[in-house]
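> Protein chains in written order, with the numbering used here: chain A, 71 to 442; chain B, 902 to 1231. Idealized CB from N, CA, C, for every residue including glycine.
1) Pull out every residue of the segment 349 to 379 of chain A whose Cβ sits closer than 8 Å to any Cβ of chain B, in chain order.
2) Pull up the DSSP beta-bridge partners for residue 80 of chain A, would you.
3) Note down, in chain order, all residues in the segment 999 to 1015 of chain B with a beta-carbon under 8 Å from any beta-carbon belonging to chain A.
4) From residue 263 of chain A to residue 337 of chain A, what does the alpha carbon distance come to, in whole angstroms?
5) Check whether the Cβ of residue 915 of chain B lies closer than 9 Å to any Cβ atom in chain A.
6) Run through DSSP, which three-state label would residue 346 of chain A get?
7) Under 9 Å, do residue 988 of chain B and residue 1013 of chain B count as touching if we go by C-beta distance?
8) How long is the line joining the alpha carbons of residue 381 of chain A and residue 1016 of chain B, rounded to whole angstroms?
9) In chain order, what residues of the same chain lie with their CB nearer than 8 Å to the CB of residue 162 of chain A, ignoring the 5 residues before and after it?
10) Less than 6 Å between C-beta atoms, sequence neighbours within five positions excluded: which residues of the same chain meet that for residue 912 of chain B?
11) What separation, rounded to the nearest whole angstrom, lies between the Cα atoms of residue 165 of chain A and residue 329 of chain A?
12) Under DSSP, the alpha helix (DSSP H) around residue 130 of chain A begins and ends at which residues?
13) Have a look at A/88, A/177 and A/102 and flag the residue whose alpha-carbon is nearest the alpha-carbon of residue 332 of chain A.
14) Could you work out which residue in A/415, A/187, A/117 and A/385 is closest to residue 135 of chain A when comparing CA atoms only?
15) Throw me the rounded Cβ distance for the residue 368 of chain A and residue 285 of chain A pair, which I believe falls under 8 Å.
16) Does the contact criterion of 3 or more C-beta pairs under 8 Å hold for the segment 958 to 977 of chain B versus the segment 1196 to 1216 of chain B?
17) To which residues of the same chain is residue 944 of chain B closer than 6 Å at the C-beta, ignoring the five residues directly before and after it?
18) Using a Cβ-Cβ cutoff of 7 Å, what residues of the segment 1129 to 1163 of chain B are near chain A? List them in chain order.
19) Please work out which residues of its chain come closer than 8 Å, Cβ to Cβ, to residue 1132 of chain B, disregarding the five sequence neighbours upstream and downstream, and give them in chain order.
20) Mapping DSSP to helix, strand and coil, what is residue 1057 of chain B?
21) Could you tell me which residues DSSP puts in a beta bridge with residue 271 of chain A?
22) Evaluate residue 401 of chain A with the Cβ neighbour count: other Cβ atoms within 10 Å of its Cβ, from every protein chain shown; 16 or more gives buried, anything less gives exposed.
23) Closer than 9 Å, Cβ to any Cβ of chain A: which residues of the segment 930 to 963 of chain B, in chain order?
24) Mind checking whether residue 1212 of chain B and residue 219 of chain A have CB atoms under 9 Å apart?
25) Chain B partners of residue 410 of chain A, CB-CB under 9 Å?
26) Please classify residue 1185 of chain B as buried or exposed, where buried requires at least 16 neighbouring CB atoms within 10 angstroms.
27) First and last residue of the alpha helix (DSSP H) that includes residue 982 of chain B?
28) Look at residue 997 of chain B and residue 1042 of chain B and say whether their C-beta atoms are less than 9 Å apart.
29) Under the three-state reduction of DSSP, which class applies to residue 1023 of chain B: helix, strand or coil?
30) Taking residue 396 of chain A as part of the alpha helix (DSSP H), name the residues at either end of that continuous run.
31) Go through its chain and collect everything with a Cβ distance to residue 1177 of chain B's Cβ below 7 Å, but skip five positions before and after it.
32) Where do the N-terminal and C-terminal ends of the alpha helix (DSSP H) with residue 136 of chain A fall, by residue?
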């Protein structure tokens, strides 16, 4: 072998890494992200330790702050759960934003026009069901075209976001407008709002139940298995006789339905009304949550909590230290970069030039032994 | 001249103005995708380009006092380009070297980039006492036509051909240059082969990593210029994140609409520019304005569906698009 041309570092796929090491790398990458975020804070003249302290005290320090953080975490977690099966299937659904909004529209219809006819419980159940169905249908449209003609789902789902948000803007200024000229949809009646439990609307209970359900669905059902096979290899799935198109549409409907339910929770629980920013970027941020959690439902609870702390803390940071709140998006982005990048060190092995020669020598020796 | 002709001309001129940011965004992404990298971070890249470009011009004027218009335009382009290069360098490192999933990395870049753009825009506003303003004489260099008045006054042809901002003409030149590069040069052929089949290109001795890096980084820089053009022309030289949001995503959609052809992106972006402003220029009774505004997105969806249904061989994305290359994987 010509040693001169051998590269300094060579890559090889790693088989399995011990669990402890994997988590050490992942936690290390989170620390690295916080460190990089600290440098940015330092660059604009803010003491990073003070800033991180403000973020934590501003989001977890007081009871009211804690409640607000939980309020931010609920839709993030719910939506991440919705996205998980799609991404497991390698179906890039970035339309959760629109599916939330579609669900919120359907729920709002019943909140606005049926509130005087029904008591709270049946009304809320109907609103939730309507939200789920609307979100599911909104997600089913791109899935249908993907299944039938392999239409690019990434852009399709994305465009669906803008379309449904445009519809809400029209409703705001048109048919559902409250006071003429206000461009605002009126607040829901009392019986159309989710009741509070421990100071936060009870959406958090629904979402936590969904965590368990989604975990079971993904890990212990035939559907979950089919999704995993399609994600690994569509051809294998076809060869095994799975109806890939149908599974895709079914999964997207479920995903959209969960997002729609989240839309209902946000409109009825958090806002008490419908407006065009009902999704407020949750559909995008929750992708981060789902992916960072490796699509593991329980890990999503922790990650969505972490991002909610960042978001709420950044608001406090803005009022106390005059740092623009968009710092939370920057740190979220860096966090994601680091965690995406760290998977490389889990999946691949770097082989340095000298080290490799020793290993090869050892392997050759072993081979020779076996031959003998 | 009949009213109808005047209206049409005004519409075309406005469409060109609104289409120019798309043109840069799309051209950059075409170059990126030709190398087989699907960079979904264009939205973030354009945000960064817009904020950094505006900041560059603002501080250039502030520092020199008596700013030269042509230099200011160059400063704006360079600042945006470098910001885009840095953003797509992050993307390249994570996807090409560290082989992370391109879709998710692109989304991360979108979140990161919009955050950075917002942050810079806000930070400048706060640190400069509430308002970022660029002098009117300097604005003219960004927004007015570079051609002399008598050319612009030619009826019909004048306004359509000679009254756009300098960036539109740069974009057209860039599109033609990119077309020639991809179709007529050896390096362009290599780049396309890297995008179509990296393993084959690698076997032929082409450095896949280098081509992917260069195409993605330069492509990102070009896309970022689009963000700067939006801020400096349409938004009137003030930071406007509401207006800029969604432009990057439409640019990605335009790449499919144009079937990865730089020349088609010229008329494609003008068409999308027209769709963006149609609700202001052309009132159709019974259709509410907010519904009218979603037209570009509906058209994009229809285009996506139709192009996937037709499914012709020459209209396909690069074969290796979105897939990372690892030599030892079969």
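In short:
1) 354, 355, 357, 358 and 361
2) A/421
3) 999, 1000, 1001, 1002, 1004, 1005, 1006, 1008, 1009, 1010, 1011, 1012, 1013, 1014 and 1015
4) 8 Å
5) no
6) coil
7) yes
8) 12 Å
9) 156, 223, 224 and 227
10) Cβ within range, chain order: 1182.
11) 10 Å
12) 118 to 130
13) Measuring from the Cα of residue 332 of chain A, the nearest candidate turns out to be A/177.
14) A/385
15) 7 Å
16) no
17) Answer for residue 944 of chain B: 1011, 1149 and 1150, listed in chain order.
18) 1147, 1150, 1153, 1154 and 1157
19) 951, 952, 954, 955, 1138, 1139, 1140, 1141 and 1145
20) coil
21) A/266
22) buried
23) Considering only beta carbons, the part of the segment 930 to 963 of chain B lying closer than 9 Å to chain A consists of 939, 941 and 945, in chain order.
24) The answer is yes: Cβ separation under 9 Å.
25) 995, 996, 999, 1001, 1002, 1005, 1006 and 1009
26) exposed
27) Looking at the DSSP string, the run of the alpha helix (DSSP H) that includes residue 982 of chain B is 970 to 993.
28) Not a contact, by the Cβ cut-off of 9 Å.
29) helix
30) Note, residue 396 of chain A: premise wrong, no alpha helix (DSSP H); not H, not E.
31) 919 and 1197
32) 133 to 158
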